[in-house]
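Since the structure comes first, as structure tokens, the remarks are kept for the end.
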Amino acid sequence: MRKLPRRKFLHLAAGTAAISLAPRIASGQTYPSRPVRVIVGFPAGIAPDVTTRIVAQSLSEHLGQQMIVENKPGAGSNIAAETVVRATANGYTLLALTVANTFNATVYKNLRFDLVRDITPVAGTFRSPQVIAVNASFPAKTLPEFIAYAKANPKKINFASDGSGSSPHIVGELFKIMADVELVHIPYHGSYVPDLLSGQVQVAFSAIATLIPYIRSGQLRALAVTTATRSPALPEVPSAMEFVPGFSAYLWHGIGAPKDTPPQIIDRLNKEINATLSSPDMKSRLASLGGEPMIMTAPEFKTFIGNEIQKWAKVITSASITVE
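Note that our numbering has the sequence shown beginning at -11, numbered continuously upward.
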């Protein structure tokens, strides 16, 4: 075979590199050129679905292409996550991430994917406190009174959740550890709200949006919100950290993409999502759900997810929570 002169070889090599790089650069510049699917791992009408649809509607206007929200509920969002993990890494199939995904990394022992390895964090979208609420007839009027009552009556207070491994369950377990109380977990497959209203279960660590109508009507009593500071949605309700030092838990949502999605696409999505979240209208709409925009760069969101996995793994392991 005839050897190419060195200068000719270098010229061809440089040209080949430029050609191989061109599609990736172009993908960021022209993206999106068709509708984008966002897969939600929960049924329509509950918080992750609602916030995703609100953000997707506005993002469609920013990107000039329709963002189609598709619900694939089941296995605590694992079905949706696996769908996105298996999708082509081109930015046209995205995952609606929630705190549940970070629980699942420890709760489920036989996942066929790894959240950190297989999903690229794109952007946060929403965060909200949970509220510690009791039936209006419950004797404790404040969180310190609740803790004192629980200590005096170990294992006589039932706390409700959406099921084993759900956010109300795991945040309740964190509270048990940090307040040093013994509560009995009662998992539900449907809504636990009717039993909380009737007093069959005494307390729940629930999303504000779920319980705020009953709190405002006086049917439930809010003892505290689960974040470090008070919530604008319930400004008169103290934060749990005022009485249980270090206690903090957020419900949060965000967007992820399959691993190896081109960085240009991740950057474009992050920029447009953050621009969407910064609008006064978006802030108002998310505030109506009891929360606020969670604006982060993609690297910041990646670090945040890693920290959440580590934090909740300690609670899940301590409480021996597993879901098959």
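From the three backbone atoms N, C-alpha and C, an ideal C-beta is built for every residue, glycine too.
- With fewer than 16 other Cβ atoms inside 10 Å of its own Cβ, Lys97 counts as exposed.
- Going by C-alpha positions, Gly160 is about 8 Å away from Phe147.
- Under a 10 Å Cβ-count criterion, Pro281 is classified as buried, with 16 or more other Cβ atoms of the shown protein chains found around its own Cβ.
- For Thr198, the closest of Ala237, Ile174, Ser149 and Pro246 by C-alpha to C-alpha distance is Ser149.
- With 16 or more neighbouring CB atoms inside 10 Å of its own CB, Asp37 falls in the buried class.
- Arg105: member of the alpha helix (DSSP H) spanning Leu103 to Asp106, first to last residue.
- For Thr39, the enclosing alpha helix (DSSP H) begins and ends at Ala35 to Leu51.
- Across the structure, Asp269 and Ser276 are spaced so that their CA atoms are roughly 11 Å apart.
- Counted as a single uninterrupted DSSP element, the alpha helix (DSSP H) harbouring Tyr202 occupies residues Ile196 to Ser205.
- At a Cβ-Cβ threshold of 8 Å, Val28 and Glu70 do not count as neighbours.
- If you check the CB distance, Thr214 and Gln118 come in under 8 Å.
- The C-beta distance from Val122 to Arg209 rounds to 5 Å, short enough to fall under 8 Å.
- Here Thr81 really is in contact with Pro246; their C-beta atoms are around 7 Å apart, less than 8 Å.
- Counted as a single uninterrupted DSSP element, the beta strand (DSSP E) harbouring Ser149 occupies residues Asn146 to Ser149.
- For Val189, no pairing in a beta bridge is given by DSSP.
- Ranked by Cα distance from Ala44, the options Val87, Thr94 and Gly112 are led by Gly112.
- Taking C-beta atoms under 8 Å as the contact rule, Val87 and Leu239 qualify, at a distance of about 6 Å.
- With a cutoff of 8 Å on beta-carbon distance, Gly206 and Ala77 are scored as not near each other.
- DSSP places Tyr96 within a strand segment (E or B) once states are collapsed to three.
- Between the alpha carbons of Leu184 and Phe134 lies a distance of about 16 Å.
- The bridge partners DSSP lists for His177 come to none.
- The bridge partners DSSP lists for Val225 come to none.
- In this structure, Ala221 lies away from Ile253, with their beta-carbon atoms at least 8 Å apart.
- When the five nearest sequence neighbours on each side are left out, the beta carbons in the same chain lying within less than 6 Å of the beta carbon of Pro226 are those of Ala212, in order along the chain.
- Per DSSP, the unbroken beta strand (DSSP E) holding Met55 starts and ends at Met55 to Asn59.
- Nearest Cα to Ser65 within the set Gln54, Ile34 and Thr291: Ile34.
- Taking the Cα positions, His241 is about 15 Å away from Arg273.
- In this model, Val95 and Arg74 are separated by some 21 Å (Cα to Cα).
- Looking at Pro223, Ile145 and Ile304, the one whose alpha-carbon comes closest to that of Pro127 is Ile145.
- Taking all protein chains in view, the Cβ of Ala32 is surrounded by fewer than 16 other Cβ atoms within 10 Å, so the residue is classified as exposed.
- When rounded, the separation of the alpha-carbon atoms in Ile283 and Leu257 is 12 Å.
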